[in-house]
Amino acid sequence: MAKPITGKTHVGERREKRPNGDIYVYERVTAYNEKTKKTYTVSQKLKGKIKSGTHKIVPTRPKKHKGEGGLVDATRRHTGLTDILEWVGKVSGIDNDVCASFSEGDAAKILSIARYWIGSGGNTLPRLESWQVMHPLPYCEAITEDVYGSLFKDVGRNEEGVQCYFSARAARLGESPVLAFDSTTISTYSENQSEARQGFNKDGDGLNTIKLLTLYSVKAREPIAFSKQPGNIPDVISIENTLTQLKCLNLEKPLIVTDNGYYSQKNMMEFALRNVKFLTLVDPNIIWVRETIDALRTTIAGMASTCPFDPSICGATLLRMHEFSRTRQRSRNGKVADEKETFSRRLYVHVYYSPDNEAKKELAFRKDLLELKAQIQGGETEFTASAQKKIDKYLTCSKKGRGGQLKVGFNDKAITEAKRYFGYFALVSNQTMDTFTVLENYRLREKIEELFAVQKGRLDGARPRTWYPDNLRGRQFTQFVSLGYHCFLMKKIKEVQAKLRKNEPGKTKSLIKLEKKLENWLAQRSLAQILDWFDCIETTKVQTAMGSYRWSTESVARDRLFLKYLGVDTE
């Protein structure tokens, strides 16, 4: 008796062997057709496959049906610039030092604002919230005016965190660092800044100023610490607090390099008494400096005195015992307070001569005297103190007869004596050093002037832009962190440029050609232009129910080579 027809389907399995040896396993649904009296396939789907040489079924990925795997989330951000800045913060240790010195929230805000300033070319902070939308930063929430205003006040009052950051940066310098020390002024219209006072204004705009003093490592090429003072404090009396701050930084045998604005007998004595190495530019018109120049004229005239890295300069060094005197502040060891005492210390006077500078100095000197002579003959009677000093020393004024015509001449003897020292300049240190190592260290000091230009021009530091001194302190500290980013990135770019100039073995012709393109490209662009170039790189992230996807803007081979040599991971 035949089976009754139920009309039900049957689920079975079918295996199909492919030419490569893999066996595909299908799930097949069959049914019986009563009219044709045959079994037919209703549906069939692939369950998996058995790879050649194995016995286990590997399931296939489920087929995505229409309506499934819809879009869950999608974002697009400018990541080229921020990836570079994130790399700088990590490799330089700046991010770690900030995070170790401040709370997690404050550290994230400080780093975000610092990156914004360098990434935007020094735009003002009200634009930060808009810029932050398309640029990922350590602080994910919106940084509004209230947020950064509160941050600056808190950081400005958190001196422990500020000094901890300075110490952390100093600890990375190692032994015997060379530190440049210099100041700049910040002009302000504000009457709320108690430190804003009339003093020497380096911008020459006549406004009240706040003085910013900075320690800068000339070898590591990065700022280490800063402090602010009232604008009426002269540079020459700013050394004592700096020497105290150096003890807090716990630096090992630092060499402090200053220009002649900080030269004085008192400052040299402070360095000597505290056993701190110093190197400073001195005025060649000082009597004991002129005596040293006269003693070294013959030596400097010899060929052996030529500078190895700058043949236009000649130099020599002379050791002298220099006598200092001071008035005692307190009685101790049998010595009475207010008593004057003298002591001697070794000083090394490094004298240099440049024929080019001599010619320029003499030309400027001649023009200056001719101009003063013309002003006197024209009836001018009011002169500045420095101009009057030159008139008294280098010009002679007389009249012919009673009420006669004024006659102005030149004091050739005094002029000849002054010209003997044109082209000479002198550096003084209290530690024995090679003559031209001293010159190299002093020239590196000039980098601190570039530092001030960057801070004012590219990091929005030309004006305080805050109401109160504590807020200004916090704002300046955040700018200081941004300055660290700038200096480290510039140093790394210089290293890339130096690498491009080397003809290393194993380089292919195509690589040499590409390096030449990169070298020319870097030479024609500032840091701001380089960062702006990479700001066009965008990263898009799409999240679906079936998985996440990510892609970035394509870049040319030259840009990829730059990032590779810089060390930025683009994966």
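In my numbering, the protein residues as written are 58 to 628. Backbone N, C-alpha and C define an ideal beta-carbon position, used for all residues, glycine too. Keep in mind the model is a prediction, meaning the values are calculated, not measured.
- Residues of the same chain with a CB within less than 7 Å of the CB of ASN77, apart from the 5 flanking positions on each side, are SER109 in chain order.
- Here DSSP, grouped into helix, strand and coil, assigns THR299 to helix.
- Here the alpha carbon of GLY231 sits roughly 14 Å from the alpha carbon of GLU279.
- Ranking LYS424, ASP130, ALA483, MET490 by CA distance to the CA of TYR606 puts ASP130 first.
- One Cα belongs to ASP469, the other to TYR451, and the distance between them is close to 7 Å.
- Looking only at TYR525, GLU248, GLU84, LEU501, the smallest Cα-Cα distance to ASP211 is reached by TYR525.
- By alpha-carbon distance to ILE151, the top candidate from ARG134, THR136, ARG172, GLY137 is ARG172.
- Fewer than three pairs of CB atoms, one per stretch, sit closer than 8 Å, so the stretch 349–364 makes no contact with the stretch 292–307.
- Nearest Cα to ALA358 within the set PHE537, GLY435, TYR410, ARG520: TYR410.
- Within the stretch 599–627, complete alpha helix (DSSP H) segments of at least 4 residues are found at 614–623, given in chain order.
- Nearest C-alpha to VAL346 among ARG530, VAL148, SER321, ALA444: SER321.
- By the criterion of a C-beta distance shorter than 6 Å, LEU420 is surrounded by no residue of its chain, once the five residues flanking it on both sides are discounted.
- Distance check between THR489 and each of PRO562, ARG403, VAL148 places ARG403 closest, using alpha-carbon atoms only.
- The Cβ-Cβ distance between LEU236 and LEU269 does not fall below 7 Å.
- Less than 7 Å divides the Cβ of ILE175 from the Cβ of TYR542.
- Annotated as proximal: ARG134 and MET191, with beta-carbon spacing under 7 Å.
- A contact between stretches requires three or more CB pairs, one per stretch, nearer than 8 Å, and the stretch 539–553 meets this requirement with the stretch 495–512.
- The residues LYS513, in chain order, have a CB closer than 6 Å to that of ALA519 in the same chain once the five nearest residues on each side in sequence are set aside.
- Contact between the stretch 484–502 and the stretch 367–375 is established, with three or more Cβ pairs separated by less than 8 Å.
- Taken atom to atom, the span from the alpha-carbon of ILE344 to that of ALA227 is near 38 Å.
- The stretch 476–488 makes contact with the stretch 328–344, as at least three CB pairs between them are under 8 Å.
- For SER224, the enclosing alpha helix (DSSP H) covers residues 216–228.
- When secondary structure is reduced to three states using DSSP, PRO521 falls in the coil class, being assigned neither helix nor strand.
- If only uninterrupted alpha helix (DSSP H) runs of at least 4 residues are considered, those enclosed by the stretch 281–332 are 296–306, 322–330.
- Under the criterion of beta carbons closer than 8 Å, GLY624 and VAL148 qualify as touching, at roughly 7 Å.
- Here GLU248 is not near PRO287, since their CB atoms are 7 Å or more apart.
- At least 7 Å separates the beta-carbon of GLY436 from that of THR453.
- For LYS106, the pairing in a beta bridge is given by DSSP as TYR81, VAL115.
- For MET191, the enclosing alpha helix (DSSP H) stretches over residues 185–191.
- DSSP, read as helix, strand or coil, puts ASP469 in helix.
- Relative to GLU309, the option among PHE440, ARG229, LEU571 whose CA is nearest is ARG229.
- Around the beta-carbon of THR66, fewer than 16 other beta-carbon atoms lie within 10 Å, marking it exposed.
- The bridge partners DSSP lists for ALA131 are VAL599.
- Residue pairing by DSSP puts HIS379 in a beta bridge opposite ARG402.
- In this structure, the alpha-carbon of ARG75 lies about 55 Å from that of VAL145.
- HIS407 counts as buried, since no fewer than 16 other beta carbons sit within 10 angstroms of its beta carbon.
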